[in-house]
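Numbering (my numbering), first residue to last: 5 to 607.
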């Protein structure tokens with residue numbers, strides 16, 4: 005500036021007025037910008053549970069919390085980093101601030117799909133609540149961004165609370181049109197299947213029963229469970245997107261069928277199932293088949309085992325006298341089978357067990373399985389077959405992601421073999437299965453190797469077998485023992501040792517559940533008459549033994565919806581078939597406590 009030139013003077017009032025106006029304009033602009041900003045995260049404080057969030061291994065807890073009464077607790081395990089995410093609507097070419105409070109080791113907070121540079125921030129160690137924050141700008145065409153938090157593989161649990169994304173809200177538009185084409189599908193005594201036509205712009209659908217919202221799904225079908233037999237219900241569906249919910253569809257009605265009677269199984273309405281050590285001895289002692297009390301309705305002869313893991317050649321070798329003092333002769337054993345059958349009992353050969361790994365990797369092994377199992381059934385005049393595949397018998401190939409359409413040879417060949425046996429022996433053939441929770445209920449969280457690989461390929465591997473044979477299956481009695489914690493439909497982990505575990509695990513079978521958290525891939529519920537609860541007879545028999553009082557609590561909750569404790573079931577199933585135990589021998593060793601509990605409850 006040239007200092008020799010004098011400044012032009014302006015009237016003082018005009019200068020002050022202009023300054024005031026400029027300041028006012030700046031303030032107004034800033035206020036307008038702040039007014040446009042909002043916290044776009046839904047349920048960022050987890051006060052409404054996991055509503056709005058998609059989590060692989062998360063649950064809400066009441067302590068510790070950063071504010072309010074709830075926070076997220078998620079536990080990485082193996083190849084799962086316990087990610088929780090939420091997709092929000094944003095404006096293109098706009099600035100956002102993501103923040104949240106975390107606690108634990110190796111906790112990450114980030115955003116993906118920004119259209120520019122995805123961001124994340126993390127805490128290596130946060131023994132107390134620590135605030136994480138980061139910023140990003142959306143791309144010129146970005147309208148949706150996913151915010152997430154996760155831990156690190158195999159490390160301990162982490163906590164997160166008060167997650168927010170502050171910035172201008174995106175245009176959500178109008179709610180979608182109401183769905184059309186609503187119709188009913190399969191109707192049972194406790195469930196009704198529904199389907200409808202897709203709606204343009206819908207991101208999900210709300211299902212109403214008698215005017216009350218009962219489910220929210222992503223796809224165009226749903227099965228409403230927990231219904232009462234012989235009862236009429238009215239159903240409607242609404243379409244949902246970011247702008248809200250549409251008007252409801254036209255109403256369809258359906259009347260549930262009469263209570264399940266058990267079909268052609270020949271079993272009583274409530275049955276007691278037990279395994280009899282027929283080919284080996286252990287600390288429980290040998291029990292002759294003729295000495296098994298009349299309370300036992302299904303007796304599984306344990307075990308038929310393969311000559312080699314992949315041969316498919318199953319042999320049933322009865323326990324030798326040198327190992328089992330007092331063992332009966334073959335003639336006496338066969339006579340005892342006929343006597344049990346004359347009394348209305350079912351005697352099956354159980355294949356597998358802890359030591360009997362069976363992998364039908366080829367069609368030749370499949371055919372040998374059918375031939376050799378048929379030979380055992382025919383030789384002893386048995387009523388059917390129990391599949392007790394454990395360990396590494398069943399696992400899923402990496403490209404096998406749909407339980408409805410399995411590709412893995414050991415799965416496909418087993419399904420084919422069991423269907424062949426069912427067709428050979430007819431409707432009276434009794435088919436039961438005794439998988440571990442790892443192979444069934446764990447499928448709610450994990451299925452096979454997972455979308456990104458690295459998971460245990462055995463996770464949920466029984467689901468395609470159960471599903472393919474659900475019309476032929478007499479009983480499914482999952483082993484609710486020797487199990488780690490399993491997440492239930494309440495998204496809480498449940499552990500062995502009380503009624504709660506049995507209630508949660510059985511509720512999953514009778515309600516159905518999305519496989520690996522995919523709402524479009526739901527494992528449908530089984531009928532109540534197809535389900536029995538598997539429990540150890542004594543503390544010696546296996547981990548997870550519960551007292552008779554806890555057995556009674558579990559039965560009360562599932563059949564009467566009383567005495568339930570903290571877990572809320574999704575229905576009431578008076579037709580629940582009964583109980584299974586490992587084993588008859590161990591129950592005899594324990595003074596027949598398990599048998600007496602069953603008899604006392606069901607009469």
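Note that CB positions come from ideal geometry on N, CA and C, so glycine has one too.
Three-way DSSP call (helix, strand, coil) for residue i in this model
i           : result
residue 588 : helix
residue 128 : strand
residue 203 : coil
residue 322 : coil
residue 437 : strand
residue 305 : strand
residue 558 : helix
residue 462 : coil
residue 445 : helix
residue 112 : strand
residue 597 : helix
residue 9   : Here the model assigns residue 9 a pLDDT of 32, short of 50, so the residue's position is not dependable, and the following value carries that caveat. Of the three classes helix, strand and coil, the one that applies to residue 9 here is coil, per DSSP.
residue 423 : helix
residue 219 : strand
residue 137 : strand
residue 506 : helix
residue 249 : strand
residue 99  : strand
residue 329 : coil
residue 530 : coil
residue 563 : helix
Check whether residue i and residue j have beta carbons under 7 Å apart
i           : j           : result
residue 282 : residue 305 : yes
residue 148 : residue 93  : yes
residue 241 : residue 279 : no
residue 105 : residue 133 : yes
residue 98  : residue 142 : yes
residue 253 : residue 180 : no
residue 484 : residue 512 : no
residue 165 : residue 69  : yes
residue 594 : residue 523 : no
residue 351 : residue 387 : yes
residue 486 : residue 417 : no
residue 63  : residue 495 : yes
Best match in the options for proximity to residue i [C-alpha to C-alpha]
i           : options               : result
residue 500 : 488, 70, 311 and 494  : 488
residue 308 : 318, 302, 300 and 594 : 318
residue 172 : 52, 102, 342 and 233  : 102
residue 195 : 71, 565, 577 and 590  : 577
residue 481 : 570, 363 and 437      : 437
residue 4   : 456, 560 and 303      : Past the edges of the chain, shown from 5 to 607, lies residue 4, and the structure says nothing about it.
residue 316 : 260, 272, 569 and 376 : 376
residue 587 : 543, 567, 112 and 551 : 543
residue 332 : 236, 294 and 400      : 294
residue 393 : 431, 343, 464 and 63  : 464
residue 145 : 262, 125 and 96       : 96
residue 74  : 443, 55, 342 and 81   : 55
residue 183 : 193, 205, 310 and 335 : 205
residue 570 : 492, 243 and 517      : 492
residue 470 : 516, 235 and 217      : 516
residue 110 : 127, 230 and 100      : 127
residue 151 : 140, 161 and 159      : 140
residue 42  : 79, 168, 160 and 379  : 168
residue 440 : 358, 337 and 163      : 358
residue 255 : 231, 213 and 229      : 213
residue 52  : 291, 61, 60 and 72    : 72
Classification of residue i by the beta-carbon crowding that lies within 10 angstroms, buried from 16 upward
i           : result
residue 321 : exposed
residue 603 : exposed
residue 77  : buried
residue 287 : exposed
residue 446 : buried
residue 531 : buried
residue 383 : exposed
residue 266 : For residue 266, the predicted model reports a pLDDT of 40, less than 50, meaning its position is unreliable; a value from the coordinates is still stated below. Buried: at least 16 other Cβ atoms inside 10 Å.
residue 591 : buried
residue 600 : exposed
residue 468 : buried
residue 245 : buried
residue 66  : exposed
Checklist entry - Do the region 225 to 232 and the region 193 to 203 touch if we need at least three Cβ pairs shorter than 8 Å? => result Judged by Cβ distances under 8 Å, the region 225 to 232 makes contact with the region 193 to 203, as three or more pairs qualify.
Next on the checklist: Using a Cβ distance threshold of 8 Å, determine whether the region 120 to 130 contacts the region 174 to 193, with at least three qualifying pairs required.
Outcome noted: Judged by Cβ distances under 8 Å, the region 120 to 130 makes no contact with the region 174 to 193, as fewer than three pairs qualify.
Item to check | Three-pair Cβ contact test at 8 Å for the region 473 to 486 versus the region 420 to 433 | outcome: With the cut-off at 8 Å, the region 473 to 486 and the region 420 to 433 touch.
Checklist entry - Should the region 351 to 370 be regarded as contacting the region 408 to 416, the criterion being three or more beta carbon pairs within less than 8 Å? => result Contact check between the region 351 to 370 and the region 408 to 416: three or more CB pairs, one atom from each, fall below 8 Å, which counts as touching.
Next on the checklist: Would the region 536 to 543 count as touching the region 577 to 591 if we require 3 or more Cβ pairs under 8 Å?
Outcome noted: The region 536 to 543, when compared against the region 577 to 591, does touch it at the 8 Å Cβ threshold.
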